[in-house]
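Residue numbers (the numbering used here): 8 to 315.
Here a beta-carbon is modelled for each residue, glycine too, at the ideal position from N, C-alpha and C.
Structural data, given as structure tokens:
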């Protein structure tokens, strides 16, 4: 039976002199998840990755990959793309993958078949003979992802894989990552500063600051839990009596008036029909009702400010 958790971390602590980089960090990531690991520079993301890869030892706590303690055996289950793509400019796309396939000790027939599969999957088959030194960063990232997949690992750890890409390349790499997760229920641990990217791609996010995990949740559930619902109503004109009537509604927490626009902060998500009916009863013509949605970026910035 497959282990249900791709990654488990319990009480991970790591100090560098007087500085605590990770402070009792604990989380679990189910298999088949695209997990977005979010936090500002210096929050502990890179230290976490290095501990998961066995490049550092924790001062306290432990981590497991697919149920195995971090170490050589677990490392074979992980494909990695860090801040450098690891490609050789003077080699072709095929030869780059062939070189790394030999490092993974893939036998020649299997290696050639796997390289062809990955180049076709990445959309790079027609360019397999080109030297990669002249490639764009987006093309190189696609090939670097293929490199990370050579041994068909069930877990990918990606550190800022779309950083510095132009919009077209960003979409190209992002779509490839999503398709990788769908392929064989692969788990992806994605370190990113791009909150829009995390919201679009990830089905779980973890927010880390000063070495501590603030939360781990699905983006949609997080928005619902932390949202303060707002409704903006554009009218044909407001009277003091109409505004007062809206203020008296139990669901309304706060009212802001801007000319003929009424912005309401609600105590909980609610249908706007009762609010509109109250305005109409006061003789107000309602032209438009807009419900505001808080983004993951809004919530992230709020949490960072609170913790700071």
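When you compare the segment 95-105 with the segment 168-183, are there three or more beta-carbon pairs, one atom per stretch, that lie closer than 8 Å?
no
In the DSSP assignment, what residue or residues form a beta bridge with residue 69?
17
Rounded to a whole number of angstroms, what is the C-alpha to C-alpha distance between residue 261 and residue 25?
46 Å
Check whether residue 214 and residue 157 have beta carbons under 8 Å apart
It is not a contact, given that the beta carbons lie outside the stated cut-off.
Continuous alpha helix (DSSP H) assignments of at least 4 residues falling wholly in the segment 173-216:
174-189, 202-208
Quickly, what does DSSP pair residue 219 with across the bridge? List them, please.
216
Does DSSP put residue 294 in a helix, a strand or coil?
Reduced to three states, the DSSP call for residue 294 is strand.
What is the residue span of the beta strand (DSSP E) that residue 37 lies within?
Residue 37 -> beta strand (DSSP E) spans 26-37.
Compare the beta carbon distance of residue 155 and residue 162 with 8 Å and say whether it is the shorter of the two.
no
Range of the contiguous beta strand (DSSP E) that encloses residue 265
259-265
Do you know whose CA, among 33, 41, 40, lies nearest residue 65's CA?
The shortest CA-to-CA distance from residue 65 to any of 33, 41, 40 is the one to 33.
Residue 68 and residue 27: beta carbons closer than 8 Å?
no
If I measure Cβ to Cβ from residue 146 and keep anything under 8 Å in the same chain, skipping five residues before and after, which residues do I get?
Hits under 8 Å: 131, 134, 139, 176.
Take residue 122 as the anchor and find which of 238, 136, 109, 105 has the nearest alpha-carbon.
Ranking 238, 136, 109, 105 by Cα distance to residue 122 puts 105 first.
Nonlocal neighbours in the same chain, by C-beta distance under 7 Å from residue 210, ignoring five residues either side:
Closer than 7 Å at the Cβ level, and outside the excluded window around residue 210, lie 40, 41, 225.
Could you give the first and the last residue of the continuous alpha helix (DSSP H) run that contains residue 130?
Premise fails: residue 130 is in no alpha helix (DSSP H) and is neither H nor E.
Among residues of its own chain, excluding the 5 on either side of residue 196, which ones have a beta-carbon nearer than 6 Å to its beta-carbon?
42, 164
Does the ligand SAM have even one heavy atom less than 7 Å from the beta-carbon of residue 98?
In terms of ligand content, the structure shown is empty, and the ligand SAM therefore cannot be addressed.
With distances taken Cα to Cα, identify the nearest neighbour of residue 52 among 248, 255, 144, 218.
218
What are the partner residues of residue 164, as DSSP defines its beta bridges?
87, 196
Nearest to residue 242 (by Cα), restricted to the options 299, 258, 265, 149:
265
In this structure, how does DSSP classify residue 274 when only helix, strand and coil are distinguished?
coil
Use the C-beta contact count for residue 62: other C-beta atoms within 10 angstroms, 16 or more gives buried, fewer gives exposed.
Around the CB of residue 62, fewer than 16 other CB atoms lie within 10 Å, so the residue is classed as exposed.
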